[in-house]
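Student: Protein chains in written order, with our numbering: chain P, 1 to 420; chain L, 1 to 635; chain H, 1 to 164. Note that the Cβ used here is the ideal one computed from N, Cα and C, for glycine as well. Note that the structure is predicted; figures quoted are calculated from it, not measured.
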Amino acid sequence: MKVIVIGNGVAGNTASSTIRRLDGQAEITIISEEIYPEYSPCALPQYLAGELSRPNVFLRTKRDYSRERTKTIFGQKVTSISPEDRRVSLDTTSLTYDKLIIATGSKPVMLPIKGTNLDGVFPLKSLGDADQIFHYTGNTAVIIGSGPIGVETSVALSKRGLQIYLIEVLNRIMPRVFDETPSSLLRGILEERGVRVLTGEKVISIVGNGKVEGIVTDKHRIKCDMVVLGAGMKPNIELAQQSGVNIGALGGIAVTQQMMTNLDNIYACGDCVETEDRASGEHTLSLLWHNARRQGEVAGYSCSGVPKSYLGSENITSLDIFGVHAVSFGSIEADGNQHQDIEVIERFLGKNYYRLIIAQSRLIGAQSIGNAQDMGALLCALIRRDNLSEIKRAIDKKTLPLNPLYYRIARCLGPNIRRL
Amino acid sequence: MALNRKIAYINLTKGKIEVKSIPIKLRKLFLGSRGLDMYLMYNHIEPGTDPLGADNVALISAGILVGTLASASARTHIGGKSPLTGFVGSTNMGGFFAPEMRWAGFDHLVIKGKAEKPVYLWVHNGEIEIRDALNIWGKDVHETQEIIREELGDRDIKILTIGLAGEKLVRYANVMTELKNAGGRSGMGALLGSKNLKAIAVRGTMDIKIEHPDEALEYNKRLISQVTSAKVSQEQGKLGTTFIWGATNSQGLVRVRNFQLNQLEEADDIEPEALEEFSLGMAGCFGCQVHCRGKYIIPSGPYTGVYDEGPEYTSMGAWAAEPGCRNPLTILVCNHLVNSYGLDTLETGSMIAWAMELYEKGILTNKDTDGLELRFGNDEAVIEMVHRIARRQGLGDILAEGPLRAAEKIGKDSAQYLIHVKGMSNLHSDERPTPSLALGIATSSRGSDHLRSRPAIDLYHLPEPILRKIYSQPVAYDGPLTSNFTDYEGKPWQVIWQELCFEAVDCLGICKYHTLFLGPNFPNFDEWSKLLYYNTGLELSPLDIWNIADRAYTMERLFNIREGLTRNDDWLVDRYFDEPTKLGIPIVRGKVIDRDKFRQMIDEYYELHGWDENGVPRPETLRKLGIDQEPSHML
Amino acid sequence: MPKMLVVNYDKCTGCRLCELVCSVKHEGVSNPSRARIHITKWEMEGIMMPMVCNQCEPAPCIDACPTNARSWDEHLGRVVIDYDRCIECKTCVAVCPFGAVSFDHVAGRIISCDLCDGDPACVNFCETEAIQYVDASEINKRRQREAAEKLYESMRKFTMAPAG
Ligand SMILES: Cc1cc2nc3c(=O)[nH]c(=O)nc-3n(C[C@H](O)[C@H](O)[C@H](O)COP(=O)(O)OP(=O)(O)OC[C@H]3O[C@@H](n4cnc5c(N)ncnc54)[C@H](O)[C@@H]3O)c2cc1C
């Protein structure tokens with residue numbers, strides 16, 4: 001069996017390793033337009049902050065691939081796929097396959113503003129991007145977009161000693177993962193450390209003469225030496241789309257639970273696909289590491305003829321902001337798609353904060369700031385769609401054996417448990 | 001290292017907090033906790049201070065081995081001038097407060113003045129904050145802790161608190177932590193209440209460095225098996241300290257109906273084994289493998305479903321034998337009530353039993369009790385009186401004043417029925433057959449008490465050579481020692497030995513059940529010397545520790561003498577000498593304490609201590625102990 | 001056969017000696033906040049629950065780690081952590097159903113039970129045998145699952161369900 005994997009991220013690599021585990025004979029080739037062996041994009045902010053050395057960003061060495069007898073073609077882009085003759089074309093060559101796995105990941109959303117081509121404007125997606133930022137000199141950086149990556153980048157560059165402006169068009173930071181209150185608490189932490197946070201402000205253009213000199217928003221002009229685009233990621237699907245692979249409503253490759261596309265022998269996994277959310281059952285683009293990895297694993301299984309089902313994506317955000325742990329699971333209250341009756345339980349416990357989003361006695365989201373030791377139990381309840389009233393009843397009745405997870409959940413709820 | 005914990009002076013009147021280091025010199029003189037508290041008491045409390053006035057000082061401390069690998073190193077000490085006796089106030093409790101306080105960076109809190117409004121202290125990682133306690137004032141011990149944990153946002157916060165009894169200045173109010181860990185004796189709860197200090201919350205995440213971790217781990221393991229292999233520990237770990245009550249009742253060594261009898265007959269329903277029926281298993285204090293805290297849920301009645309812990313030995317006397325009750329439910333309920341009100345179970349039970357005898361004798365009538373039939377054996381009345389004492393209602397208001405003051409108010413010859421020493425009620429045991437134990441309670445520095453000195457192994461009939469081995473270290477002793485607990489000879493030395501043994505562990509912060517208390521093979525000075533070295537690096541020989549204990553105990557004596565204590569205060573009530581025991585096994589039956597022999601015992605006890613015939617430490621004794629210049633104000 | 005820790009919640013007396021010996025053995029200090037085991041307590045209800053890494057297989061912390069810093073050690077049957085790779089995003093802390101992964105604020109690193117390399121101190125010191133170190137046999141694993149009422153396993157095992 002000849003397998004070609006397009007993409008050297010976690011999805012592609014997990015798929016290839018899974019196939020190798022199941023099939024010693026398969027001929028596997030991983031193709032990537034990047035030149036590096038596998039690394040974790042998630043580690044890039046720490047690399048930028050100087051907290052992680054560059055070699056530690058890598059997850060594999062070239063030798064790891066050969067040990068697994070996986071061929072690699074790095075530094076070449078796949079330019080087209082022809083499903084009819086099972087062939088992929090690269091910049092300089094072409095290859096045939098029996099099975100193809102598309103794991104082309106995601107790419108930064110580009111803003112329709114002037115000046116993004118200037119020297120000193122960077123996305124942060126790849127190691128190449130990070131290297132450039134790392135070596136670029138300047139005193140002031142503007143981060144456009146305050147998603148988790150934008151925030152992590154702000155923290156990282158601030159630790160490097162840069163003056164940071166974090167600009168968000170909506171009225172709060174990390175608007176998709178945190179509701180108003182926790183978001184403003186986190187904003188406070190950033191501001192305390194000198195990060196200037198501007199919300200409800202739209203960047204209109206980046207200005208400079210060949211090189212970034214500043215930005216213009218609808219409210220301010222800010223001088224800066226560098227701009228990092230953190231407006232989010234979107235599935236990287238052009239290649240697939242051109243080859244006739246179906247794209248879903250949210251803009252990710254449409255796949256079955258076995259990670260199969262509409263075309264025979266073509267599978268897709270990772271950031272480039274859209275899936276169902278495990279807790280809510282709704283369609284989602286959940287561009288997260290653990291989801292990409294599990295999808296890669298399922299794709300690997302399917303490819304090898306051992307069908308497994310992907311049970312859905314888990315929306316988990318966890319980040320450290322200057323030593324403060326911020327976590328969000330599932331949906332937030334402010335989610336536009338929210339159509340059910342929602343109850344929010346909010347709890348300030350000293351410096352810690354918990355927020356539980358509950359619909360019909362079921363937890364559909366949870367956010368925390370500070371101690372997150374009990375969040376895992378909440379995640380359990382969320383994914384299992386546990387009925388919280390039943391948990392309360394079990395605790396009240398002291399049903400034996402004691403279920404430790406129930407107690408952890410109750411601990412988060414505190415006296416609010418009476419409201420269930 | 002374990003020696004770098006700080007002392008904080010908190011002035012509630014001024015809202016001022018000052019933090020200092022504890023000089024190693026003082027460590028070597030007093031180690032810590034009770035020992036150092038006694039030094040602080042002598043140095044910071046002026047003679048004649050009103051115990052409930054702003055000038056009294058509340059001392060909260062953790063032993064020097066607390067939080068280390070010294071098994072059962074969990075003890076918190078609370079000191080100050082006692083609102084009950086006017087002498088040394090000192091009490092000690094287990095649980096988890098003390099280790100948490102050490103992880104928060106402190107060994108000693110010296111609390112002065114009086115807050116204008118109710119406050120509590122929030123002690124965390126080197127910092128102390130005085131916080132408003134209006135919302136917890138009036139709350140019971142259990143609620144208070146839950147509210148503070150919620151307010152400060154951390155379930156692992158440990159809290160020392162007073163209940164309603166402390167707020168109402170009941171003179172034997174407790175300081176409590178968790179459900180039942182009680183700093184019970186000498187009214188330290190009233191002392192905190194008088195300062196408008198509701199609680200102290202602690203939480204810490206600061207390292208206590210263990211000097212020799214591998215040795216400390218290994219040695220801890222050894223001590224654990226030394227302690228847990230003893231049968232008493234196993235019994236205690238199964239039944240709690242109620243097993244002691246069961247054992248002593250079977251011999252006729254307990255107090256029944258306010259000392260009228262020395263054995264509770266037909267006690268089957270409340271034997272420890274019977275109480276086990278209500279047990280939900282056992283809990284332990286920090287680092288302790290004996291786990292003697294019973295857990296129970298009240299099975300029926302108005303308190304059905306309430307969870308609490310205990311009961312302990314003293315609650316058996318207080319809620320069964322003394323009021324002449326035999327209903328396990330009464331024990332469980334009253335135990336819960338005193339825990340949540342923060343009342344000393346021993347003193348409360350004694351006061352009620354005393355009132356019952358007065359009622360029986362017609363000294364108290366229905367008019368005094370507002371119609372409550374305060375008969376022995378009336379369970380309802382007992383429960384009701386607990387409420388009234390805590391809330392200071394009616395007769396309860398009088399009983400809340402403690403033995404001497406209450407007798408003064410009630411008048412007639414009520415005082416003659418009190419069972420007390422120095423104004424503090426005796427343990428619910430009967431010491432008439434046991435001169436050693438009688439001497440222990442008579443001389444105890446904080447008033448009648450079994451936890452200052454109780455050479456309980458005297459009851460075991462140990463062969464003389466074993467006694468000699470025990471009592472000839474760390475200082476030589478070649479006086480008499482006898483295996484018979486009814487003897488008077490040699491007992492003063494046993495009392496002193498045990499006194500210093502208990503003083504030493506109170507400085508270290510180790511539980512007394514992990515000392516030579518209930519068994520001859522338990523750890524003592526030798527072991528503590530090693531523990532100190534492995535855990536803190538402090539090199540003190542067993543004899544050094546003995547001397548520290550001697551010094552600290554003598555400070556307590558000095559304090560009491562300065563407050564007017566005389567030889568007459570080291571004495572028992574007449575009933576010990578005049579009314580023979582009526583029940584029990586032959587050897588305990590028909591026993592009284594012989595006045596003359598007891599007087600001689602006291603002489604001998606003073607002499608062995610280096611005190612004169614009035615019980616005043618001789619100048620050369622003070623010089624030898626290095627406390628001839630007190631108060632020296634080194635801290 | 002690798003061995004595993006089994007917690008018997010009913011036997012725990014809540015004394016926290018396990019926390020103490022754990023922090024002494026690993027860090028040479030007494031400091032439960034740096035221990036790999038914690039007794040979660042509900043004092044007012046007498047509930048004490050030792051919480052320690054269950055060495056789950058598959059493990060949510062490994063699964064969610066975005067830098068592969070957490071991995072499975074076949075030999076001892078445990079989750080190990082590669083500090084060179086860890087970026088301290090604390091995802092493992094957040095996803096552990098048992099709250100058994102924590103951040104050691106003194107050493108500045110993630111910690112969880114390492115089974116003391118095969119000789120767990122907590123087990124050695126727990127006289128009531130509330131924590132035991134037993135063969136990771138199917139029977140014991142099942143027992144452990146029952147103790148925790150299968151919660152975690154039932155959730156994770158089927159991240160991938162057999163198709164059909
Ligand atoms: C800065 C940053 C921080 C993050 N932090 C976290 C975090 O903390 N937690 C978390 O869960 N997630 C995080 N993420 C998201 C996470 O990194 C992604 O979800 C995950 O890496 C997706 O993996 P993937 O394999 O699907 O895609 P990618 O990692 O995007 O890999 C795609 C691969 O495809 C290759 N490729 C694409 N097109 C072609 C082509 N035409 N020809 C050849 N090769 C091609 C690319 O070169 C690349 O190798 C972070 C992302 C970033 C950028």
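If we define contact as Cβ-Cβ less than 8 Å, is Gly14(H) a contact residue for chain L?
Tutor: yes
Student: Consider the Cβ of Leu179(L): report whether some Cβ of chain P lies at a distance smaller than 8 Å.
Tutor: no
Student: What does the alpha-carbon distance come out to for the pair Val469(P) and Met260(P)?
Tutor: Because chain P here runs from 1 to 420, residue 469(P) falls outside it and cannot be looked at.
Student: Where are the alpha helix (DSSP H) runs, 4 residues long or more, that stay fully inside the region 365-403 of chain L, in chain order?
Tutor: 379-391, 395-399
Student: Check this for me: beta carbons of Ile6(P) and Ala103(P), under 8 Å apart or not?
Tutor: Going by C-beta atoms, Ile6(P) is nearer than 8 Å to Ala103(P).
Student: Would DSSP call Met160(H) helix, strand or coil?
Tutor: Confidence in Met160(H) is poor, its pLDDT being 41 and thus under 50, which makes the residue's placement unreliable; the coordinate value appears in the next sentence. In the structure shown, Met160(H) sits in a strand (DSSP, three-state: E or B).
Student: Kindly indicate if chain L contains any beta-carbon less than 8 Å away from that of Arg411(P).
Tutor: yes
Student: Along the region 101-118 of chain H, where does the CB come closer than 8 Å to a CB of chain L? Name the residues.
Tutor: His105, Val106
Student: Taking 7 Å as the cut-off, is the C-beta of Lys125(P) nearer than that to any heavy atom in ligand 1?
Tutor: yes
Student: Closer than 7 Å, Cβ to Cβ, to anything on chain A: give me those residues from the region 69-88 of chain H, in chain order.
Tutor: Considering every chain present, this structure includes no chain A. Its protein chains are P, L and H.
Student: Give the single residue among Pro523(L), Leu109(L), Ser73(L), Gly89(L) whose Cα lies nearest to the Cα of Met18(L).
Tutor: First, the amino acid is wrong: residue 18(L) is Glu here, not Met. Nearest option by C-alpha distance: Leu109(L).
Student: Would you call the CB atoms of Ser71(L) and Ile210(L) closer than 8 Å?
Tutor: Ser71(L) places its beta carbon 8 Å or farther from that of Ile210(L).
Student: Which chain H residues sit within Cβ distance under 9 Å of Arg408(P)?
Tutor: Those are Thr40, Met49, Met51, Pro97, Phe98, Gly99, listed as they occur along chain H.
Student: Going by DSSP, what residues sit across from Met351(L) in a beta bridge?
Tutor: For Met351(L), which the question treats as bridged, DSSP gives no partner whatsoever.
Student: Within the present structure, is the beta-carbon of Trp319(L) separated from the nearest heavy atom of ligand 1 by less than 7 Å?
Tutor: No, the Cβ of Trp319(L) stays beyond 7 Å of every heavy atom of ligand 1.
Student: Is Gly159(P) close to ligand 1? I mean its beta-carbon at under 7 Å from any heavy atom of the ligand.
Tutor: In the sequence as displayed, the identity of residue 159(P) is Lys instead of Gly. Lys159(P): no, Cβ never under 7 Å from ligand 1.
Student: Show which residues of chain L have a CB atom less than 8 Å away from the CB atom of Gly422(P).
Tutor: Given a span of 1 to 420 for chain P in the structure shown, any question on residue 422(P) remains unanswerable.
Student: Please confirm whether Met304(L) and Trp319(L) have their CB atoms less than 8 Å apart.
Tutor: Looking at the sequence itself, residue 304(L) is Thr, so the reference to Met does not match. Not closer than 8 Å, so no.
Student: By how many angstroms is the C-alpha of Cys507(L) removed from the C-alpha of Pro542(L)?
Tutor: 14 Å
Student: At what residue ranges does the region 362-401 of chain P contain a whole run of the beta strand (DSSP E), taking only runs of 3 or more?
Tutor: 362-369
Student: Under three-state DSSP, which class holds Lys295(L)?
Tutor: Looking at Lys295(L) - three-state DSSP - the assignment turns out to be strand.
Student: At least one CB of chain H closer than 8 Å to the CB of Val324(P): is that the case?
Tutor: no
Student: Helix, strand or coil, according to DSSP, for Tyr152(H) in the structure here?
Tutor: Note that Tyr152(H) scores a pLDDT of 36, beneath 50, so its modelled location is shaky; the value from the coordinates is reported in the next line. Of the three classes helix, strand and coil, the one that applies to Tyr152(H) here is helix, per DSSP.
Student: Taking DSSP as the reference, what is the three-state secondary structure of Glu146(L)?
Tutor: helix
Student: Please list the terminal residues of the continuous alpha helix (DSSP H) segment that includes Arg557(L).
Tutor: Its alpha helix (DSSP H) spans residues 542-562.
Student: Report the start-end ranges of each beta strand (DSSP E) in the region 167-209 of chain L that is 3 residues or longer and not cut off at the edges.
Tutor: The qualifying runs are 175-177, 181-183, 197-203.
Student: On a CA-only basis, which of Thr284(P), Glu274(P), Thr137(P), Ile321(P) is nearest Arg176(P)? Give me that one, please.
Tutor: Nearest in C-alpha terms to Arg176(P), of all of Thr284(P), Glu274(P), Thr137(P), Ile321(P), is Thr284(P).
Student: Give a yes or no on whether the C-beta atoms belonging to Glu180(P) and Ser146(P) are separated by under 8 Å.
Tutor: no
Student: Kindly indicate the opening and closing residues of the alpha helix (DSSP H) around Val232(L).
Tutor: 231-239
Student: Would the C-beta of Val57(P) count as close to ligand 1, meaning under 7 Å from any of its heavy atoms?
Tutor: no
Student: Output, in chain order, the set of chain L residues within a Cβ distance shorter than 7 Å of Gly350(P).
Tutor: Neighbours of Gly350(P) on chain L, chain order: Leu152, Gly153, Asp154.
Student: Short check: CB of Pro323(L) to CB of Val382(L), under 8 Å?
Tutor: yes
Student: Helix, strand or coil: how does DSSP classify Trp122(L) here?
Tutor: When DSSP states are grouped into helix, strand and coil, Trp122(L) belongs to the strand group.
Student: For Tyr9(H), tell me which candidate among Ser33(H), Cys22(H), Met51(H), Ser112(H) has the shortest Cα-Cα distance.
Tutor: Taking Tyr9(H) as reference, the option from Ser33(H), Cys22(H), Met51(H), Ser112(H) with the minimal CA-CA separation is Met51(H).
Student: Go to Gln132(H), then tell me how far its alpha helix (DSSP H) extends in each direction, as first and last residue.
Tutor: Taken as a continuous stretch (DSSP letters only), Gln132(H) belongs to no alpha helix (DSSP H), being part of the beta strand (DSSP E) at 131-135.
Student: Could you give the residue range of the beta strand (DSSP E) that holds Gly86(L)?
Tutor: Per DSSP, Gly86(L) belongs to no beta strand (DSSP E) and is neither H nor E.
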